[in-house]
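Input: a single structure, listed below in structure tokens.
Numbering (this note's numbering), first residue to last: 172 to 274.
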């Protein structure tokens, strides 16, 4: 994702997903509120909570919340015991020691 710096003016309000907040200045006030219900969180791809940020001050937001970034990283990681034959020799030896003898 991308990190964006945003200057909030005095009295300006911004609602964001809590997972998008990277940092904020001391002058920025925030409150957490429920975004929806569990169904919305599970099927809508959004979090359960929003942060309401009140200016003035700078905030830094990321376009890809940490939870989604972690999910994408896990999807891209090589899987142990897979049939694609990926990994190193040391990984295969470690699998033998752990009892994974599927090769």
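For each residue, glycine too, the CB sits at the ideal point set by N, CA and C.
Beta-carbon separation (whole angstroms), residue 185 vs residue 224, contact threshold 8 Å:
In the chain shown, the residue the question calls residue 185 occupies position 14. In the chain shown, the residue the question calls residue 224 occupies position 53. The Cβ separation is near 5 Å, so the contact holds.
Assuming contact is defined by CB atoms lying nearer than 8 Å, are residue 232 and residue 193 in contact in what I supplied?
Start at 1 with the first residue of the chain shown, and residue 232 comes out as number 61. Start at 1 with the first residue of the chain shown, and residue 193 comes out as number 22. Against a cut-off of 8 Å, the Cβ pair of residue 193 and residue 232 comes out as a contact.
Following the continuous beta strand (DSSP E) through residue 233, name the residue where it begins and the one where it ends.
The sequence position of residue 233 within the chain shown is 62, counting from 1. Run containing residue 233: 228-233, per the beta strand (DSSP E) assignment.
One or two residues paired with residue 185 in a DSSP bridge:
Position 14 of the chain shown, counted from the start, is the residue given in the question as residue 185. Answer by DSSP bridge pairing, in chain order: 224.
For residue 242 versus residue 181, is the C-beta distance shorter than 8 Å?
Translated into the one-based positions of the chain shown, residue 242 becomes position 71. Translated into the one-based positions of the chain shown, residue 181 becomes position 10. No, the pair does not count as a contact, with Cβ atoms beyond the cut-off.
By Cβ distance below 8 Å, which residues in the same chain neighbour residue 179 in space, the five residues on each side in sequence not counted?
Translated into positions along the chain shown, residue 179 becomes position 8. If we look at residue 179 and ignore the five residues flanking it on each side, its Cβ neighbours are 185, 199, 224, 225, 226, 227, 228, 229 and 230.
Can you tell me whether residue 287 is buried or exposed, with buried defined as 16 or more other CB within 10 angstroms of its CB?
Since the first and last residues shown for the chain are 172 and 274, residue 287 lies out of range.
Quick check: the Cα distance between residue 204 and residue 247, rounded to an integer number of angstroms?
As a working note, residue 204 is residue 33 in the chain shown. As a working note, residue 247 is residue 76 in the chain shown. Approximately 33 Å between the Cα atoms of the pair.
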